[in-house]
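Numbering (the UniProt record's numbering), first residue to last: 1 to 273.
No residue lacks a Cβ here, since even glycine has one placed at the ideal position from N, Cα and C.
Bear in mind the structure is a predicted one, so any value in this text is a computation, not a measurement.
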Amino acid sequence: MWTEQVEKREHGDELVVRSMGIPLVAVTLFVLLVLHMEPMDLGAIPQFAYHGAATAPNGYYGFIGTMDVYGFSLAKGQGSAAAVWISDEGDGAPSSLKNIMIGWDVLPDLYGDSKTHFYTKWTNDGFQSSGCLNMKCNGFQPEKGAEILVTCVQDGTSGDWLVHCGLDREPQLIGRFPRSLFTGGFADRAVGVTFGGVVSAPITKPTPMGSGYLPTDVNSAASISNIQLVDQNGRAWPVTGDLPKLERNRNAYAVNPIVNGRFFYGGHEQPVA
Numbered sequence: 001m002w003t004e005q006v007e008k009r010e011h012g013d014e015l016v017v018r019s020m021g022i023p024l025v026a027v028t029l030f031v032l033l034v035l036h037m038e039p040m041d042l043g044a045i046p047q048f049a050y051h052g053a054a055t056a057p058n059g060y061y062g063f064i065g066t067m068d069v070y071g072f073s074l075a076k077g078q079g080s081a082a083a084v085w086i087s088d089e090g091d092g093a094p095s096s097l098k099n100i101m102i103g104w105d106v107l108p109d110l111y112g113d114s115k116t117h118f119y120t121k122w123t124n125d126g127f128q129s130s131g132c133l134n135m136k137c138n139g140f141q142p143e144k145g146a147e148i149l150v151t152c153v154q155d156g157t158s159g160d161w162l163v164h165c166g167l168d169r170e171p172q173l174i175g176r177f178p179r180s181l182f183t184g185g186f187a188d189r190a191v192g193v194t195f196g197g198v199v200s201a202p203i204t205k206p207t208p209m210g211s212g213y214l215p216t217d218v219n220s221a222a223s224i225s226n227i228q229l230v231d232q233n234g235r236a237w238p239v240t241g242d243l244p245k246l247e248r249n250r251n252a253y254a255v256n257p258i259v260n261g262r263f264f265y266g267g268h269e270q271p272v273a
């Protein structure tokens, strides 16, 4: 399963957005990282529904977007998350993955509860010897006095990746991933940006993604809106057209096309009527 290659050009100064084919096995392993799981921990195949952009000639320097947040009563073995992934896959080897993840998740196995948590995650080598979730290692540095209750943009002066978050208010700077954490090209820019939802659960216990509603019901489905990509000059470009998507089982979990910088996604094993 591969994504379709496309190209999008904005009017005036150009920001080129292309997508590359991604092997399904690589996507599956990537979803495991989002859900903070090891492959052998799973009793079921993870599900996903998201959009992605990659291989911009000059790279990406940030993502801006508004994410709907939901809460669920999940049991152990279930997990649901929505996130943006800013990445550089390097030469394709697992150890060459450099990545920052920001979003919200509900994971009883990890947190010991079924509450919704804001989370961050990073790695410089595919989690082989660097990286961790939240502040379990040196990496993400919270700003003093900030509440961890999403934008992620590279600072043009320091090169740090700055994380802003707001809950029904203007986003505030809550922390940063210092430039010194990363080597190679990712210290200067990202190659890919991906955003959407992932879930995992035993086959007998389908897990809600987003709000739990398929995007055929736009009045109830979760959305990510105000989507913008940041270029090397620090300018934010609205994503007004569609980007390629990946869905493992669209009858259960799906993602709608991007229209005016917004798309709907989600579901919970409910077939499309």
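* To do: Would you mind giving the Cβ-Cβ distance between Asn138 and Lys98, rounded to the nearest angstrom? I have them listed as a contact below 8 Å.
  => Actually they do not touch by this definition, with Cβ atoms about 16 Å apart.
* alpha helix (DSSP H) segment containing Pro238, residue limits -> From DSSP, Pro238 is part of no alpha helix (DSSP H) but of the beta strand (DSSP E) over 236 to 238.
* In angstroms, rounded to a whole number, what distance separates the CA positions of Ser158 and Arg179? -> 7 Å
* Backbone CA spacing between Ser87 and Gln232 [nearest angstrom] -> 16 Å
* Asked: For Leu42, which three-state DSSP category applies?
  -> Confidence is the limiting factor: at Leu42 the pLDDT is only 44, short of 50, which leaves the residue's position unreliable, though a coordinate-based value still follows. DSSP places Leu42 in coil when its eight states are reduced to three.
* Neighbour-count burial assignment, Ala93, 16 or more Cβ in a 10 Å radius -> exposed
* To do: Count the CB pairs spanning the region 211 to 230 and the region 180 to 191 that are closer than 8 Å, and state whether there are at least three.
  => no
* Rounded C-alpha distance that separates Val230 from Gly196 -> 18 Å
* **Cα-Cα separation, Gln130 to Thr204** => This sequence places Ser at residue 130; Gln is not what is there. Using only the alpha carbons, I get a separation of about 35 Å.
* Once you ignore the five residues that flank Gly156 on each side, which residues in its own chain have a CB closer than 6 Å to its CB? -> Gly234
* Asked: CA-CA distance, Pro171 and Lys76?
  -> 32 Å
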